[in-house]
Amino acid sequence: MKITYDDESRSFLVDLQKPDDEEGVRGVAVPLQAVASWSELLGYDDLADCLDAIIDARVNAKEPESCPVTGYNDVWTAPYEMLREREEKREREYLKAQAEGKTADDPRSPLLRSTLAAFHALPRDERGVCALDQAREASCEALGVPKPKRTPSLVRRTVVTRVDKEAGEMKISAPTCEEESQCDRDGFLCKEDRAKCVQVLREHALDIAYRETRFQHSQTSIELDPLEPHLAVTADDEQPQPNKSPEEMARERYMSGGDQDA
Numbered sequence: 001m002k003i004t005y006d007d008e009s010r011s012f013l014v015d016l017q018k019p020d021d022e023e024g025v026r027g028v029a030v031p032l033q034a035v036a037s038w039s040e041l042l043g044y045d046d047l048a049d050c051l052d053a054i055i056d057a058r059v060n061a062k063e064p065e066s067c068p069v070t071g072y073n074d075v076w077t078a079p080y081e082m083l084r085e086r087e088e089k090r091e092r093e094y095l096k097a098q099a100e101g102k103t104a105d106d107p108r109s110p111l112l113r114s115t116l117a118a119f120h121a122l123p124r125d126e127r128g129v130c131a132l133d134q135a136r137e138a139s140c141e142a143l144g145v146p147k148p149k150r151t152p153s154l155v156r157r158t159v160v161t162r163v164d165k166e167a168g169e170m171k172i173s174a175p176t177c178e179e180e181s182q183c184d185r186d187g188f189l190c191k192e193d194r195a196k197c198v199q200v201l202r203e204h205a206l207d208i209a210y211r212e213t214r215f216q217h218s219q220t221s222i223e224l225d226p227l228e229p230h231l232a233v234t235a236d237d238e239q240p241q242p243n244k245s246p247e248e249m250a251r252e253r254y255m256s257g258g259d260q261d262a
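If you want it as structure tokens, here you go:
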């Protein structure tokens with residue numbers, strides 16, 4: 001197998017280098033947009049794990065016609081429906097808070113209120129597992145790809161909501177791209193191929209993160225995204241920064257003051 005990155009098409013190209021007389025898939029192309037959408041739909045926090053899963057599923061033709069766990073006639077239906085409901089409630093609460101004159105310094109700021117709205121948008125089981133995470137696990141199982149080993153979070157919207165109070169805007173931060181898999185079993189890529197992919201993913205991490213936010217918003221009926229991040233890449237943004245996650249910031253703001261009612 002040979003894997004390269006084509007900058008013109010912004011895609012990873014996988015050549016299985018099979019003999020001409022061998023049947024099956026000879027190669028696949030994985031655009032950055034696919035990494036962005038699959039990472040959100042399947043819950044991969046690490047871009048390399050996500051790319052690994054896409055190649056695995058496409059090379060081995062693992063995408064079934066239906067999901068036996070959820071009963072839907074497509075493996076993607078449940079994650080799409082859950083994501084759509086979550087993002088609608090998140091963005092509408094943000095707009096509502098803005099209309100009420102809330103600012104970033106308010107204990108119940110637009111950003112915090114949208115985060116809490118997303119947290120409460122979907123039902124949870126007796127273990128506290130969100131319906132979206134359940135749908136993601138079912139899709140991974142149906143596709144035959146490793147389930148991401150993730151700590152259940154308050155909400156997942158990439159790593160976008162880093163607030164610059166002085167500028168009054170949100171900035172985008174790079175997601176993770178680790179050379180060691182974070183999944184619960186070995187993936188498709190060998191160690192050498194994964195290392196090459198990680199290098200490319202790190203170079204394009206901000207682009208993929210931005211594509212994720214656009215994909216998330218595209219699921220809603222709202223014309224303009226109120227959480228649109230400003231894609232201003234500065235020296236501080238070139239590498240992943242040890243900033244607090246949106247979840248950590250939301251929890252701190254919620255616990256530090258204001259009305260504690262949900």
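If you count the sequence shown from 1, position 252 lands on 252 in the UniProt record's numbering, and the numbers rise without skipping. C-beta: ideal position from N, C-alpha, C; glycine also.
Contact check for G101 against P146 fails: the beta carbons are separated by 8 angstroms or more. In the structure shown, V14 falls within a strand segment according to DSSP collapsed to helix, strand and coil. Using a Cβ distance threshold of 8 angstroms, D7 and P148 do not count as a contacting pair. Taking the CA atoms as reference points, A97 sits about 32 angstroms from D46. The beta carbons of R124 and Q219 sit no closer together than 8 angstroms. Here P31 carries a strand assignment [DSSP, helix/strand/coil].
The Cβ atoms of C177 and A205 lie closer than 8 angstroms to each other.
For I55, the enclosing alpha helix (DSSP H) stretches over residues 47-59. Straight-line spacing of the CA atoms in A142 and P107 works out to 42 angstroms. Pairing A29 with L13 gives a Cβ-Cβ distance under 8 angstroms.
Around the beta-carbon of H217, 16 or more other beta-carbon atoms lie within 10 Å, marking it buried.
Fully contained in the region 86-156 is no beta strand (DSSP E) run of length 3 or more. If the five residues before and after I208 are omitted, its C-beta is found closer than 8 angstroms to the C-beta atoms of L32, V35, A36, S39, L47, P175, L201, all from its own chain and listed in chain order. Residue pairing by DSSP puts Y5 in a beta bridge opposite F12.
When the five nearest sequence neighbours on each side are left out, the beta carbons in the same chain lying within less than 7 angstroms of the beta carbon of K2 are those of D15, Q17, in order along the chain. V75: not part of any alpha helix (DSSP H); DSSP gives it neither H nor E. In this structure, R136 and G27 do not form a Cβ contact; the two beta carbons are roughly 27 angstroms apart against a cut-off of 8 angstroms. Taking a contact as a CB-CB distance under 8 angstroms, the pair E91 and D193 does not count as one, their CB atoms being some 38 angstroms apart. Under the three-state reduction of DSSP, T220 is assigned to coil, being neither helix nor strand. Rounded to whole angstroms, E87 and Q199 show a C-alpha spacing of 31 angstroms.
Within a 10 Å sphere around the beta-carbon of S109 sit 16 or more other beta-carbons, which makes this residue buried. Excluding five sequence positions before and after A53, the CB atoms of its chain that fall closer than 6 angstroms to its own CB belong to V145, given in chain order. For I55, the closest C-alpha among the options C197, W76, M82, E228 is that of C197. Membership of A195 in the alpha helix (DSSP H) is indicated by the continuous run 191-203. Distance check between Y210 and each of I222, L227, S221, E223 places L227 closest, using alpha-carbon atoms only.
In the DSSP assignment, T176 forms a beta bridge with D46.
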